[in-house]
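Okay, structure first, notes after.
Structure, rendered in structure tokens:
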């Protein structure tokens with residue numbers, strides 16, 4: 026249900042201890058790209074002690090671990106006793122998932138699909154029992170595929186990942202926008218939202234308000250959903266027509282979810 | 003190889019923890035919150051070096067307003083790295 | 026009007042003696058050259074027991090330290106101070122007293138003859154041969170001259186110091202009738218240094234969070250409507266709030282009636298865009314503001330008295346709806362310190378803090394709850410700049426606390442709009458959960474002076490020296 030997934034570098038105290046003030050719905054503490062190879066132990070200790078002492082309530086917390094086998098093992102040991110929502114697995118494909126399974130850790134997993142291999146296996150990955158969601162990692166994918174980033178070139182990977190996620194009934198999270206200019210961000214997020222994405226990664230706290238706003242259900246959507254649920258409750262029926270449209274179970278479920286999300290994030294008209 | 007380890011940074015809310023060999027055990031703390039937290043920081047460091055049975059070291063803490071968890075985390079990493087060096 | 030070619034020349038015609046009361050303004054901020062030039066020449070002439078009345082003291086003002094070292098300065102009365110003078114006073118004190126006034130209080134004290142200035146040294150970017158002074162004309166403009174007006178009107182002798190002589194000045198802020206001497210300098214001041222410091226909208230995410238929360242409170246408060254009036258400072262968070270405030274006016278198709286105080290390019294753009302009808306400018310904070318004051322007839326300069334003097338019934342802030350103010354410390358009764366750090370070094374001062382807090386209907390304090398490991402909320406303030414009874418609420422990145430003692434209805438108003446509030450004690454507890462409880466600070470041994478309220482009330486004592494063990 027989260028709209029924004031904010032990456033927080035795992036070795037920067039100033040960012041860690043403020044993770045709950047940036048208004049992100051979820052945070053991903055990063056042990057991978059944001060931490061240099063020689064500082065992995067620093068990040069593990071810092072994150073470990075922070076979460077033990079100051080676990081922020083009412084915030085979904087994930088940790089992005091490393092995909093390298095030895096680093097992954099050490100990362101998972103450091104996270105063992107921590108109360109987190111799950112881990113984020115980079116370069117996610119069938120091989121990295123096997124690596125993760127071999128560690129015997131039992132965190133829920135959000136996989137980042139950021140390699141060609143990961144993309145052609147995405148349907149299988151989405152169905153994997155430990156997988157809770159998928160993130161599109163367009164920047165790495167771009168490098169490996171050799172495309173330049175645009176709404177056209179992102180169309181296929183966004184679509185394919187979204188179908189895989191929806192079919193498996195797991196979360197689909199849009200790729201981060203890596204430029205720190207705001208107008209580009211909202212355009213990028215709007216494109217993802219138009220395809221059906223309901224959340225997006227943020228790589229800087231200042232991206233969070235824009236993302237939260239864009240993935241907030243509109244007042245009109247909320248009114249429509251309230252109307253559907255009201256009629257469903259009045260008629261006690263799973264199949265009826267409303268304003269000339271046929272309503273059935275998936276529509277009712279979606280409406281209920283939208284109302285829930287609106288309540289949680291304070292859309293006007295739901296109070 | 004010099005037997006000195008340094009962990010952390012001098013950015014705000016962080017601290018840099020350095021350990022090197024010394025003929026006795028000495029702790030040096032420079033902190034931007036001296037009056038308010040020097041005693042807390044000293045206690046935290048004392049406790050941890052005792053718990054890890056660390057002796058004959060000079061521990062230098064350059065503190066830029068790190069919270070207690072950061073001081074402990076930096077020191078923990080530093081102690082682990084120091085022991086790795088000393089014990090090969 | 027006598028025009029002198031150097032300060033040395035000028036001094037031959039001034040009634041110089043030990044114990045002089047002399048004043049300066051701080052419109053050039055850290056780009057000021059006049060104060061140093063004048064003091065150094067006074068030292069050359071071996072004058073002693075000087076009493077200084079600069080409206081603000083900046084890091085550039087090292088001649089004051091020199092004068093203190095040479096035991097030539099007795100008392101200092103000012104509204105704002107940081108840099109080496111602060112450090113010197115913390116370490117050595119001064120023979121007389123340091124009095125920290127407010128902008129409104131300084132003007133009032135001069136107008137009511139509590140403060141008697143023997144000679145006012147007023148830097149202007151241009152002077153006319155008739156003695157009119159402007160901060161807008163010439164090569165090195167500094168903008169509005171609001172803090173110098175009372176000095177010009179009431180000092181026994183008034184000197185303009187400038188690098189530019191012009192034939193005439195239209196609507197001069199400093200009137201020739203008040204001026205006795207003009208002294209030419211190579212430069213009147215460095216315009217480029219005016220905007221040095223924190224004069225840009227913050228990108229710091231914690232600062233932006235505070236700004237967003239402040240904007241939510243402003244919108245929910247009931248004061249944000251057609252013809253609202255608004256003031257905020259030039260700190261980076263304040264400026265972010267001003268930007269959000271202006272954007273919201275635009276989005277809601279509203280116009281503000283006026284903005285007061287120190288003016289920046291953000292304010293000037295809003296005036297240009299028709300989102301606010303008047304800017305009342307006591308001090309320009311950047312070159313964009315200076316340009317606007319020069320060219321836009323709805324951007325008006327105002328004197329410190331017209332801005333904030335409690336005795337001036339026409340003062341602009343009397344009609345002010347909302348003011349955004351900072352704090353370096355706040356206590357559980359919402360008393361605010363912006364004067365000294367926890368080691369009792371002066372780091373700023375009231376400026377217009379107490380004046381606007383008292384007069385505005387909604388006085389909002391914005392500040393980070395924790396800075397590095399230092400919590401904002403204290404049981405005991407290092408010094409009290411503004412009484413808590415004037416403060417409506419405190420906004421931090423970790424919550425909003427409403428001062429029921431100021432306005433018992435505000436909390437209900439905000440909560441009805443979906444804004445959660447905390448009591449200030451819980452907010453303090455939240456900070457301590459992260460920082461732990463700081464050991465109490467001991468204050469230094471010696472009295473340095475005091476903080477004076479805008480009506481001459483004493484708000485707190487200032488100290489210098491090592492802590493009292």
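Residue numbers (the working numbering), protein chains in the order written: chain A, 26 to 296; chain B, 3 to 90; chain C, 26 to 494. Just so you know, even glycine gets a beta-carbon here, dropped at the ideal spot from N, CA and C.
Scanning the region 232-299 of chain C from its first residue to its last, the whole beta strand (DSSP E) runs of 3-plus residues come out as 254-257, 281-288. Per DSSP, residue 41(A) is not a residue of any beta strand (DSSP E); the alpha helix (DSSP H) it occupies stretches across 38-41. Per DSSP, residue 153(C) is one residue of the beta strand (DSSP E) stretching across 151-153.
In the structure shown, residue 82(A) adopts coil according to DSSP, grouped into three states. Chain-ordered listing is empty here: chain C has no CB closer than 7 Å to the CB of residue 73(A), the nearest sitting near 17 Å.
Contact annotation for residue 79(A) against chain C: 459 [CB-CB distance below 7 Å, chain order]. Runs of the alpha helix (DSSP H) spanning 4 or more residues and lying entirely within the region 12-57 of chain B occur at 36-53, in chain order.
Contacts with chain A at 8 Å (Cβ-Cβ) include residue 71(B). Distances from the alpha-carbon of residue 69(C) to those of 460(C), 97(C), 241(C), 40(C) put 97(C) closest. Residue 198(A) has 160(A) as its beta-bridge partners, per DSSP. For residue 95(A), no Cβ of chain B is located within less than 8 Å of the residue's own Cβ. The three-state reading of DSSP puts residue 55(A) in strand, counting E and B together.
In the three-state scheme derived from DSSP, where H, G and I count as helix and E and B as strand, residue 26(C) is classed as coil. Residue 101(A) carries a helical assignment under DSSP once its states are collapsed to helix, strand and coil.
In the structure shown, the three-state DSSP call for residue 365(C) is strand. Look at the region 310-369 of chain C and you find these whole runs of beta strand (DSSP E), each 3 residues long or longer: 324-326, 347-350, 354-356. In the three-state reduction of the DSSP assignment, residue 105(C) falls in the coil class, being assigned neither a helical nor a strand state. Boundaries of the beta strand (DSSP E) harbouring residue 63(B): 59-65, taken from the DSSP string. For the C-beta of residue 66(B), the chain C residues within less than 7 Å are, from N- to C-terminus, 397. The Cβ-Cβ distance between residue 154(A) and residue 137(A) does not fall below 8 Å. Interface with chain B (8 Å Cβ-Cβ cutoff): residue 469(C) is excluded.
In terms of CA proximity to residue 429(C), 448(C) leads the group 448(C), 411(C), 107(C). Within chain B, the residues 79, 82, 83 have their CB atoms less than 8 Å from the CB of residue 66(A), given in chain order.
Taking a beta-carbon distance threshold of 8 Å, residue 233(C) counts as an interface residue toward chain A. Note that the C-beta distance between residue 326(C) and residue 306(C) is below 8 Å. The residue from 46(B), 31(B), 81(B), 71(B) with its alpha-carbon nearest to that of residue 58(B) is 81(B).
The residue among 27(B), 63(B), 9(B), 86(B) with its C-alpha nearest the C-alpha of residue 40(B) is 63(B).
For residue 204(C), the secondary structure class from DSSP, reduced to helix, strand or coil, is coil. Close CB contacts of residue 242(A) within its chain, under the 7 Å cut and outside five residues either way in sequence, are with 283, 286, 287, 292 (chain order). Interface residue (Cβ-Cβ distance to chain A less than 8 Å): residue 422(C) is classified as such.
Contact of residue 50(A) with chain C is not assigned, every C-beta pair being separated by 8 Å or more. In this model, residue 47(B) and residue 39(A) are separated by some 21 Å (Cα to Cα). For residue 48(B), there are no C-beta contacts with chain A under 8 Å, since the nearest C-beta of that chain is about 18 Å from it. For residue 134(A), no chain C residue has a Cβ inside 7 Å of its Cβ, as the nearest lies near 28 Å away.
Taking 4 residues as the minimum length, the alpha helix (DSSP H) runs contained wholly in the region 163-187 of chain A are 163-170, in order along the chain. A distance below 8 Å separates the beta carbons of residue 285(C) and residue 345(C).
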